[in-house]
Amino acid sequence: MRLLRLEDGGAISLVEYMTDSPPYAILYHTWGADNQEVTLKEMIDGTATDKIGYDKIRRCGEQAARDGLDYFWVDTCCIDKSSSAELSEAINSMFQYYQEAEVCYVYLADVEHEHWNHAAFSNSRWFTRGWTLQELLAPQTVKFFEKNWAFLGHRLDLAKPLMRGTRISLDVLTGRQKLQDESIATRMSWAAHRQTKRPEDMAYCLLGIFQVNLPLIYGEGMRAFWRLQEEIIRNNNDLTIFAWDLSENRTMDFVGLFAPSPIAFAGSSGIDPFLDDYAEYSVTNRGLRLSGDPPLLQSVGFEHDGTDYAERLYLLYLGANALSVGQSYLDRTGQGIFLRKISPGLFCRVGKRPLSGSCNWDYSRTHGYKEIHVVIDPMPAIAKAYSAFRKDAIHIPPDERFSIDMVIPERLWDSTDRIILLPKRQSWAKYSMVIAMRCSVKVDCTYEDLVVLCDCREESPELKVFKARLYPIEADFIFQWRHQELSLPWEELLSFAPRIAHIGVSVTVHADTLCFRLDRPRDSLGSNILSLLSQNANHAISGGVRTTGVQEAKCIDLTWCLRCATLTEHVIKVQA
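This is the structure in structure tokens:
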């Protein structure tokens, strides 16, 4: 580490320490024109005194001497910027340099003492620079000086105007709370309205705030901010890193998980992560992998800015709003992002919806996913994949008489669209896995627990239906926990329960004095139709497998109909 020393005659010398550097002061300043700032080379060859920037270096040395310090550090002339290796090391170590300094002098060249007040202080360019965050928060002691080096106050003295100008809490500014105790979203929000000369520095100036390191690649633009988020994820399990929002994204069907810049976190201050329910997650080539019971919910509908949205979406919980004075934990508002299921186990963030915390919404818990993947960078092919996995898939329109209790494999079931997705991006032709639904059917005032099996080993799906109470061993085997995640081959099922092979599509349900029969009627179209027929034909419910369009993809509808005594059909079909 290179340090500067003010000699007795007023000259400034350079001293280099490999380890155990002596106590030193450190200067923060907003850079002027590049050709007027002093470089390391100019300090060495003695031409530094000709530059305008030399005066603040000298004044910094004089202030350090008054504070009893022999050494001080200034970024413009203590780093060899012609060496990419040294520049990279210095930027990655910058937070540490400020943290280990005895005192940091913040020199505000655009604030004058005679016009000094809190408003003038808050209007300083210092509040808009990206690098000032770590320079404000890292040192133990921070002193502020105006244009002519008149002392304005310590960080503790100016905590309230600093809080208003930076949106950093008083607890953090005064040291009562550690920087790392704030959520990632909150720390990102501090940088939302700051700028740097080079776009890459908007990421590099935050390295110390998140205690990570990155190789420097100038020329990649805001890709550096993407890499910063990847590195934060590798070192932290705080899901609030995804709690960002941009109104311009609302025109896009799908967006990625990573924010394009810190400005996306402008409204994310005060979001706390879950304290005792962290999901384990990591970046993979398929997307962000979340395991350990990820907090995934199914939204039933929500309202935002006076508009009601009836669509069903998945909601990934990220955290909750911070507690206000007098609030209990029960009063906290959950924060999350809305997702759609693209393919089995793969989700993508919906671009046209805001953070859930800005909505009024109802939700129901989804089935227990043990692991999901969320697309990090959606390519145009994502929209095609969304349709491809629904082409010729089975769709179950809502009907108040039929409730779906479980579907296996669970990874194929999209509870928002009520579709059993294709296992791969092909048609249903000749898949050997068992598709099974456990559902409760209401006939008059009677409920019957039924199991519906879909056999996709041939191009046209075949259905089998039976009462769970009459085949308890078979039902328990089909819906055991391992089959929720893994596929159950038909060969394995028939080997364990050979009588399944003889089950057809007929089953009888008794309701008071009526007898209903679930059967396959004759159908001129040759569809594989399920019918629940009353003996006296006054009540009849039928269900069928037919092709329909859902989300621009052709699906096979398992459609339930109600027949009156005249045998005219009224189809109860609400597209999800």
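Numbering (full-length UniProt numbering), first residue to last: 1 to 576.
Note that beta-carbon positions come from the ideal geometry of N, C-alpha and C, so glycine has one too.
Every value quoted in this text rests on a predicted model; they were computed, and no experiment measured them.
For residue i, three-class secondary structure by DSSP
i: W481; result: helix
i: S282; result: strand
i: L488; result: coil
i: L421; result: coil
i: K160; result: helix
i: Q335; result: strand
i: K143; result: strand
i: E410; result: helix
i: G61; result: helix
i: K41; result: helix
i: A501; result: helix
i: L170; result: helix
i: K467; result: strand
i: M258; result: In the sequence under discussion, the amino acid at residue 258 is Phe, which differs from the Met named in the question. Reduced to three states, the DSSP call for F258 is coil.
i: D272; result: strand
i: L567; result: In this predicted model, L567 has a pLDDT of only 26, less than 50, meaning its place in the structure is not dependable enough to derive any value.
i: Y431; result: coil
i: T19; result: coil
i: G549; result: Below a pLDDT of 50, predicted positions are generally treated as unreliable, and G549, at 38, falls in that range; the measurement from the model is reported next regardless. In the structure shown, G549 sits in a strand (DSSP, three-state: E or B).
i: E248; result: helix
i: S495; result: helix
i: H373; result: strand
i: L532; result: Bear in mind that a pLDDT of 38 at L532, under 50, signals an unreliable position, so the model cannot answer this.
i: K341; result: strand
i: Q134; result: helix
Extent of the continuous beta strand (DSSP E) to which residue i belongs
i: N321; result: L313 to N321
i: E220; result: Run containing E220: none; DSSP gives neither H nor E here.
i: M437; result: V434 to V443
i: L453; result: T446 to D455
i: F242; result: That residue, F242, is in no beta strand (DSSP E); it is neither H nor E in DSSP.
i: F72; result: Y71 to W73
i: H154; result: F151 to H154
i: Y369; result: From DSSP, Y369 is part of no beta strand (DSSP E); its letter is neither H nor E.
i: A109; result: Run containing A109: none; DSSP gives neither H nor E here.
i: G287; result: G287 to S291
i: F210; result: From DSSP, F210 is part of no beta strand (DSSP E) but of the alpha helix (DSSP H) over L207 to F210.
i: H29; result: Y24 to H29
Nearest residue (CA-CA) to residue i, options the options
i: P344; options: L486, S122 and C445; result: L486
i: Q229; options: G504, E220 and L206; result: L206
i: F402; options: Y386, F389, I376 and L450; result: L450
i: S247; options: L339, E220, G351 and P295; result: G351
i: P22; options: N35, K51, G9 and W73; result: W73
i: residue 585; options: L170, H115 and N92; result: This structure leaves residue 585 out entirely; the chain is present only between 1 and 576.
i: V407; options: Q134, P397, I435 and S387; result: I435
i: K56; options: F145, Y431, I241 and E89; result: F145
i: S291; options: A243, I342 and N237; result: N237
i: E100; options: I233, P498 and L137; result: L137
i: residue 581; options: V441, A381, G319 and H373; result: The structure shown does not extend to residue 581, since the chain is modelled only from 1 to 576, so the question has no answer here.
i: V103; options: M433, P260, L315 and I26; result: I26
Beta-carbon gap between residue i and residue j smaller than 8 Å
i: P273; j: A192; result: no
i: G256; j: P378; result: yes
i: R5; j: S13; result: yes
i: V283; j: I419; result: no
i: A120; j: V111; result: yes
i: R312; j: T416; result: yes
i: I394; j: C439; result: no
i: Y24; j: L69; result: yes
i: G153; j: M202; result: no
i: R227; j: L214; result: yes
i: residue 581; j: I503; result: Nothing about residue 581 can be read from this structure; the chain reaches only from 1 to 576.
i: D171; j: Q177; result: yes
i: T132; j: Y28; result: yes
Element boundaries [alpha helix (DSSP H), containing residue i]
i: A85; result: S84 to E100
i: I396; result: Looking at the DSSP string, I396 is not in any alpha helix (DSSP H), and its letter there is neither H nor E.
i: A385; result: A381 to A388
i: Y204; result: D201 to Y204
i: I184; result: I184 to W190
i: F347; result: That residue, F347, is in no alpha helix (DSSP H); its beta strand (DSSP E) goes L346 to V350.
Nearest-angstrom Cβ-Cβ length linking residue i and residue j, presumed shorter than 8 Å
i: S356; j: G334; result: 7 Å
i: L422; j: F389; result: 5 Å
i: T128; j: Q195; result: 6 Å
i: V505; j: L463; result: 5 Å
i: F347; j: R353; result: With a Cβ gap of about 13 Å, F347 and R353 do not count as contacting.
i: residue 577; j: C77; result: Because the chain here runs from 1 to 576, residue 577 falls outside it and cannot be looked at.
i: S189; j: S122; result: Contact flag wrong, Cβ pair sits at about 17 Å.
i: A185; j: I241; result: 7 Å
Min CB distance residue i to chain D below 8 Å
i: S93; result: No chain D appears in this structure, which consists of one protein chain only.
Residue i: CB within 7 Å of a non-hydrogen atom of the ligand ADP
i: D444; result: No copy of the ligand ADP appears in this structure; indeed no ligand is present at all.
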